[in-house]
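Residue numbers (my numbering): 743 to 878.
For each residue, glycine too, the CB sits at the ideal point set by N, CA and C.
One structure is given here, and the rest of the page talks about it.
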Amino acid sequence: TIASGNEDFSTLVAAVGAAGLVETLQGEGPFTVFAPTNAAFAALPAGLVDKLLLPENKDLLVKILTYHVVGAKLISAEVMAGEVPSVEGQNITVTTEGGVKVNGANVVAVDIEASNGVIHVIDAVILPPDVDVSAL
743 TIASGNEDFS TLVAAVGAAG LVETLQGEGP FTVFAPTNAA FAALPAGLVD KLLLPENKDL
803 LVKILTYHVV GAKLISAEVM AGEVPSVEGQ NITVTTEGGV KVNGANVVAV DIEASNGVIH
863 VIDAVILPPD VDVSAL
């Protein structure tokens, strides 16, 4: 709901809708969402977002989006370097040297409170290690 009220997340909101994850992410939680901005999605290879939004790619889109979600509320003061399990099932690598990063994406805004968790804004879309988007 918070993301849908911010135009910087319109691509993320569209992707969450296409993936059928709106109700899940509005559920009880708690969740930590590493939310890519529209600019982060725009930095992906040309045409990739449109391909991911197609119904035949829904499973892959769900996999990518749930990789951005942690099944716990992690505020910035609690973030430490290491591996954090995503809702998708694979770990996200958090580093703190020179600023907080998740899988190399910079965390550019933190601790946006939601009723069921927290949002941290990132400047890149992160992909699970076993996803090859060049196959699309």
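(message) Is the separation between the beta-carbon of Thr-835 and that of Glu-825 shorter than 8 Å?
(response) Between Thr-835 and Glu-825, the gap from beta carbon to beta carbon is short of 8 Å.
(request) State yes or no: is the C-beta of Ile-868 within less than 8 Å of the C-beta of Ala-777? (result) Pairing Ile-868 with Ala-777 gives a Cβ-Cβ distance that is not under 8 Å.
(request) Using only alpha-carbon positions, find the residue among Gly-831, Thr-766, Val-842 that is nearest to Ala-851. (result) The option with the nearest alpha carbon to Ala-851 is Val-842.
(message) Along the chain, where does the beta strand (DSSP E) containing Glu-855 start, and where does it finish?
(response) In this chain, the beta strand (DSSP E) harbouring Glu-855 covers 847-856.
(request) Apply the 10 Å Cβ neighbour rule to Gly-769 and answer buried if 16 or more other Cβ atoms are within range, or exposed otherwise. (result) By the 10 Å Cβ count, Gly-769 comes out exposed.
(message) Suppose contacts are defined by Cβ-Cβ distances below 8 Å. Is Pro-870 in contact with Glu-839 by that definition?
(response) Contact flag unset, no.
(message) Could you tell me the alpha carbon to alpha carbon distance between Leu-802 and Pro-787, rounded to whole angstroms?
(response) Rounded to the nearest whole angstrom, the CA to CA distance from Leu-802 to Pro-787 is 16 Å.
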